[in-house]
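Report on the following structure.
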């Protein structure tokens, strides 16, 4: 849960990251920057700011902001009604991102899970380090999580249709829908 | 047909447009900027420069450059083997683009077909004017063409799988594959 003023502050901060990355949003898009706390009430450490450009039956494109060291919790995109799950490519535009997927764990990772104990919440530790111009494609049903470096990050996401409500998070405390509290 | 040196010059010029738009490419991507003259040997007026970021079975993302007043000729993306044709969203990042689709013709259009007579090459004249942050989605099998304004343009394209070789151009002289001539 976040308050209305926390959301407004996060939106304004996200706007400054988009500006640094040279990404132009329309006034309508700036007004609807989504602030996701994943129900964890810990936005600065576990959260994501995003604008969805397009999300049709077949194609989705989003622009993501991660504040410094902010983490998007581990999750995967399962098949839905017999259709394959979401496939997504992350392309770093500004800052840097540490993306973790299944595979040999990094010996000296650039990021660590934001919570302790992490055991049942973070399970994949193969690191993909993305700097501006770098990208990585995540195929359906693949667990993944990512954290920005010390300066934060702006990341473009190109994907199939996005249906966030079907995402499966490893952390049982996550709720994908952010609740906004009165002050 | 274009010469190797024309291609190299167009690649260098496209790089400067990406830089102006704040878009970071890797050295590998810069080296493979595609220069398309559509077989018309008239690159400055009819052509396109692009980088394909990703093109899987399901998702494609590209970054396009149009030089000042350069036109991508009218074409459509038909169904292939029973699958629906390509769906694509154009998002203007820098400069401006005049995109034309079926519908009531613009009374005072911002761009005109680059060739005369245009009759059998350009058939749709409903104008969509895209400035930075503006976007438009083109559904399958919809004829469309676009031209940059006087400063040129940088445009992101988010789409389903791209199979350019199946595109149907209105102009019978177009060949999608660009041939590179020896000097």
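Chains as they are written, first to last, in this note's numbering: chain H, 1 to 183; chain P, 1001 to 1183. Cβ coordinates follow ideal geometry from the N, Cα and C atoms, glycine included.
Euclidean distance between Cα positions of residue i and residue j
| i | j | result |
| --- | --- | --- |
| residue 70 (chain H) | residue 104 (chain H) | 23 Å |
| residue 1040 (chain P) | residue 122 (chain H) | 54 Å |
| residue 48 (chain H) | residue 1182 (chain P) | 51 Å |
| residue 20 (chain H) | residue 1127 (chain P) | 31 Å |
| residue 1068 (chain P) | residue 102 (chain H) | 46 Å |
| residue 145 (chain H) | residue 18 (chain H) | 21 Å |
| residue 1141 (chain P) | residue 1131 (chain P) | 24 Å |
| residue 99 (chain H) | residue 154 (chain H) | 13 Å |
| residue 109 (chain H) | residue 1133 (chain P) | 36 Å |
| residue 1026 (chain P) | residue 1107 (chain P) | 42 Å |
| residue 1148 (chain P) | residue 129 (chain H) | 35 Å |
| residue 1029 (chain P) | residue 14 (chain H) | 28 Å |
| residue 16 (chain H) | residue 118 (chain H) | 31 Å |
| residue 174 (chain H) | residue 38 (chain H) | 5 Å |
| residue 12 (chain H) | residue 66 (chain H) | 13 Å |
| residue 87 (chain H) | residue 32 (chain H) | 24 Å |
| residue 156 (chain H) | residue 80 (chain H) | 24 Å |
Segment limits, beta strand (DSSP E) that includes residue i
| i | result |
| --- | --- |
| residue 1076 (chain P) | 1071-1076 |
| residue 137 (chain H) | 135-138 |
| residue 1052 (chain P) | 1048-1055 |
| residue 159 (chain H) | 144-159 |
| residue 98 (chain H) | 88-101 |
| residue 1128 (chain P) | 1126-1130 |
| residue 1043 (chain P) | Residue 1043 (chain P) -> no beta strand (DSSP E), and no H or E assigned at all. |
| residue 1065 (chain P) | 1060-1066 |
| residue 35 (chain H) | 34-36 |
Sequence-distant residues of the same chain with beta carbon closer than 6 Å to residue i, five excluded per side
| i | result |
| --- | --- |
| residue 1050 (chain P) | 1034, 1062, 1064 |
| residue 1137 (chain P) | 1089 |
| residue 1164 (chain P) | 1176 |
| residue 1171 (chain P) | 1073, 1121 |
| residue 1158 (chain P) | 1061, 1089 |
Range of the contiguous alpha helix (DSSP H) that encloses residue i
| i | result |
| --- | --- |
| residue 1111 (chain P) | No alpha helix (DSSP H) holds residue 1111 (chain P); DSSP gives it neither H nor E. |
| residue 118 (chain H) | Premise fails: residue 118 (chain H) is in no alpha helix (DSSP H) and is neither H nor E. |
| residue 13 (chain H) | 4-20 |
| residue 31 (chain H) | 27-31 |
Cutoff 7 Å; reference residue i; Cβ partners in own chain excluding five residues on either side
| i | result |
| --- | --- |
| residue 168 (chain H) | 75, 76, 78 |
| residue 1113 (chain P) | 1121, 1122 |
| residue 10 (chain H) | 35, 43, 49 |
| residue 1007 (chain P) | 1035, 1180 |
Buried or exposed by the 16-neighbour rule on C-beta atoms within 10 Å, applied to residue i
| i | result |
| --- | --- |
| residue 1111 (chain P) | buried |
| residue 2 (chain H) | buried |
| residue 5 (chain H) | exposed |
| residue 82 (chain H) | exposed |
| residue 44 (chain H) | exposed |
| residue 1177 (chain P) | exposed |
| residue 1057 (chain P) | exposed |
| residue 73 (chain H) | buried |
Sequence-distant residues of the same chain with beta carbon closer than 8 Å to residue i, five excluded per side
| i | result |
| --- | --- |
| residue 1052 (chain P) | 1034, 1060, 1061, 1062, 1162 |
| residue 150 (chain H) | 68, 69 |
Within-8 Å CB hit, residue i to chain B
| i | result |
| --- | --- |
| residue 1105 (chain P) | Protein chains H and P are contained in the structure displayed, whereas chain B is not. |
Whole-angstrom C-beta distance between residue j and residue i, which should lie under 8 Å
| i | j | result |
| --- | --- | --- |
| residue 1097 (chain P) | residue 135 (chain H) | 24 Å between Cβ atoms; not a contact. |
| residue 200 (chain H) | residue 23 (chain H) | Lying outside 1 to 183, the shown extent of chain H, residue 200 (chain H) is not represented and no answer is given. |
| residue 1143 (chain P) | residue 1115 (chain P) | That belief does not hold up - the Cβ atoms of residue 1143 (chain P) and residue 1115 (chain P) are roughly 16 Å apart, past 8 Å. |
| residue 1095 (chain P) | residue 1152 (chain P) | 5 Å |
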